[in-house]
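Numbering (the numbering used here), first residue to last: 1129 to 1307.
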């Protein structure tokens, strides 16, 4: 499911439409920044769908990507409040049409040697990688858009998913959109 797919409207009272929005923030690498940002969403009762944080090419900063469920009419208020937080350098909403987004999924799947042959084929066909194998299970990894990972997860379900971890969406502006 892409961010555009996730942006389907959900009714919450008369005229109150809630959408999923992808926000990215460049923040200083300081203790407590993530807690303050997450707390802002929690205090306002906004649901965080996905949250990913990692350093940037400049060790002084990290990039936070957050998919949040909020009324579109309140989104600018959220952005303004985030901008006021100390250590937040920049915050941007990325529309699905203007961004390239991806996430990483690692999955441990049940399967003996015979099942692992088929699992390896399914993983390779999806563009994934086998990263570990045991006698009765195999761990695979796939990176891609949310809809690609959703489809891959459904293909793995018949094998028996033992553990699954997804990073959450990360995104950057499309290069074709930059001047």
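Positions of the beta carbon are idealized from the N, C-alpha and C atoms, including for glycine.
The structure displayed is predicted, hence computed values, not measured ones.
Check: Proximal residues to residue 1157 (C-beta, below 8 Å), its chain only, five neighbours per side dropped; Outcome: 1183, 1187, 1188, 1189 and 1190
Check: Own chain, CB closer than 6 Å to residue 1250, minus 5 neighbours either side, in chain order; Outcome: 1283
Check: Ordered list of alpha helix (DSSP H) runs contained in the segment 1187-1219, each at least 4 residues; Outcome: 1200-1212
Check: Sheet register partners of residue 1152 (DSSP bridge); Outcome: 1193 and 1220
Check: Residue 1178: first and last residue of the uninterrupted beta strand (DSSP E) it sits in; Outcome: 1175-1183
Check: Three-pair Cβ contact test at 8 Å for the segment 1227-1242 versus the segment 1291-1307; Outcome: yes
Check: When 1299, 1165, 1154 and 1149 are compared against residue 1200, the one with the closest alpha-carbon; Outcome: 1149
Check: Three or more C-beta pairs below 8 Å linking the segment 1212-1223 and the segment 1265-1280; Outcome: no
Check: Endpoints, alpha helix (DSSP H) assigned at residue 1167; Outcome: 1161-1171
Check: Of the listed residues 1272, 1303, 1302 and 1154, nearest to residue 1185 (C-alpha basis); Outcome: 1154
Check: Residue 1292 - containing beta strand (DSSP E), residue span; Outcome: 1289-1294
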